[in-house]
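J.: Got a structure for you, questions after.
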Amino acid sequence: MIRQLDSEIWVIDHPDFKLGPGVRIGTRTTLIRLAEGGLWVHSPGPLTEDLTQEINRLGPVRFLVAPNTFHHLFVSENCAAWPSAKLYLAPGLAAKRKDLAGAAELRGEAEPGWAGEIDQCLIEGSPRLGEVAFRHGSSRTLILTDWVFNVGRPESIGARLFFSVTGVLGGVSISRLIRFLTRDTAAARRSFEHVLEWDFNRIVLAHGDILEQDGPRSLKNALSRIGRSSS
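For the sequence shown, this note's numbering begins at 54 and goes up steadily by one.
This is how it looks when you write it as structure tokens:
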């Protein structure tokens, strides 16, 4: 159920996640074990009793991170499973999820609980998405959510249609929906220029295949869809 990528970083794939009937797009949770032994959980997903136990074997969950305004559907059940964990929400999500009162809001810089191990950057220019990008330094892993997809050929017709309409079939790309939601492309490019200064190779995405190599070049190419040169 949990797949290890590198020392202290794991992912959980949720292939059955659906946007609607027949539109199975999948999603992904990322786990990082911090130096003090606690777990940082990015984009919390659906839980089962077995999965909860498996996560607990890796360490105590310290932080739950909802990284944009779309990835919040399973936050409540994760908070119930780990009531002592501190919840962080993407900018704008608290207004959407008023039931999560008391949660902290992610900023454009690393939070004290994980600073020095995980970097973060708010991707400006798309406030309705409010996505925050992260990098796990020791494994050289960039973690994105909905800004970039890497979709091959989904099994279901509904998913193929959805990914085709949004323009993300067949490789690393930015969806038409995200480009539509981006109101200030210059601000988005500046944010990604900062991200590209980080040292990373792998990119973990919420949808599609993980990029194990050549992450910076693939990201630069995808960014050409918002007006950035792919060189």
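We put the CB at the ideal spot given by N, CA and C, even for glycine.
Please return the same chain residues whose Cβ sits closer than 7 angstroms to the Cβ of Arg193, not counting the five positions on each side in sequence.
T.: Mapped onto the sequence shown, residue 193 falls at position 140. Excluding positions up to five away in sequence, the list reads Asp252, Phe253, Asn254, Arg255.
J.: In its own chain, which residues sit with a C-beta less than 6 angstroms from the C-beta of Gly169, not counting the 5 before and 5 after it?
T.: Translated into the one-based positions of the sequence shown, residue 169 becomes position 116. Same-chain partners within the cutoff: there are none.
J.: Quick one: residues in its chain with C-beta nearer than 8 angstroms to the C-beta of Ile231, no 5 flanking neighbours on either side, listed in chain order?
T.: Reading the sequence shown from its first residue, position 178 is the one you call residue 231. Closer than 8 angstroms at the Cβ level, and outside the excluded window around Ile231, lie Ser179, Leu182, Asp199, Trp200.
J.: Using CA coordinates, which residue listed in Leu100, Leu159, Pro113, Pro269 is at the minimum distance from Phe245?
T.: For the purposes of this step, residue 245 is identified with residue 192 of the sequence shown, where counting begins at 1. Selected option, being the one with the closest Cα: Pro269.
J.: Less than 9 angstroms separating the beta-carbons of Ile55 and Leu104?
T.: Within the sequence shown, numbered from 1, the residue matching residue 55 stands at position 2. Within the sequence shown, numbered from 1, the residue matching residue 104 stands at position 51. For Ile55 and Leu104, yes; Cβs fall inside 9 angstroms.
J.: So, Ala119 versus Ser96, is the Cβ gap smaller than 9 angstroms?
T.: Position 66 of the sequence shown, counting from 1, holds the residue named residue 119. Position 43 of the sequence shown, counting from 1, holds the residue named residue 96. Yes. Within cutoff.
J.: For Phe70 and Pro99, I'd like the C-alpha separation in whole angstroms.
T.: Here residue 70 refers to the residue found at position 17 of the sequence shown. Here residue 99 refers to the residue found at position 46 of the sequence shown. So the two alpha carbons sit approximately 9 angstroms from each other.
J.: Report the rounded CA-to-CA distance for Leu258 versus Gly79, giving the unit in angstroms.
T.: Position 205 of the sequence shown, counting from 1, holds the residue named residue 258. Position 26 of the sequence shown, counting from 1, holds the residue named residue 79. Between Leu258 and Gly79, the C-alpha separation is close to 11 angstroms.
J.: According to DSSP, is Ala168 helix, strand or coil?
T.: As a working mapping, residue 168 is identified with position 115 in the sequence shown. Looking at Ala168 - three-state DSSP - the assignment turns out to be coil, as it is neither helix nor strand.
J.: Three-state secondary structure (DSSP) at Ala119?
T.: In the sequence shown, residue 119 corresponds to position 66, counting from 1. It is a strand residue.
J.: Counting only the same chain and skipping the five closest in sequence on each side, list residues whose C-beta sits under 8 angstroms from that of Gln266.
T.: Locating residue 266 in the sequence shown gives position 213, where the first residue counts as 1. Around Gln266: Asn254, Arg255.
J.: Gly261: buried (16+ other C-beta within 10 angstroms of its C-beta) or exposed?
T.: By 1-based counting over the sequence shown, the position of residue 261 is 208. With at least 16 other beta carbons inside 10 angstroms of its own, Gly261 counts as buried.
J.: What do you get for Thr83, buried or exposed, if any count of 16 or more other CB atoms within 10 angstroms of its CB means buried?
T.: Counting from one through the sequence shown, the residue named residue 83 turns up at place 30. Result: buried.
J.: Between the Cα of Ala88 and the Cα atoms of Gly223, Glu61, Phe216, which residue gives the shortest distance?
T.: As a working note, residue 88 is residue 35 in the sequence shown. Just measuring C-alpha positions, the residue of Gly223, Glu61, Phe216 sitting nearest Ala88 is Glu61.
J.: From the DSSP output, which residues share a beta bridge with Gly261?
T.: In the sequence shown, counting from the first residue as 1, residue 261 sits at position 208. Per the DSSP secondary-structure output, Gly261 pairs in a beta bridge with Asn203.
J.: Please list, in chain order, all residues of the same chain as Thr235 whose beta carbon is under 7 angstroms from its beta carbon, the five residues on each side excluded.
T.: Translated into the one-based positions of the sequence shown, residue 235 becomes position 182. Within the same chain, Thr235 has close Cβ partners Gly178, Ser179, Ala241, Ile279.
J.: If you reduce the DSSP assignment to three classes, tell me which class Gln266 lands in.
T.: Sequence index remark: in the sequence shown, residue 266 carries index 213 (1-based). Residue state, collapsed to three classes: coil.
J.: Does any CB atom of chain B fall closer than 9 angstroms to the CB of Leu84?
T.: You won't find chain B in this structure, because it holds only one protein chain.
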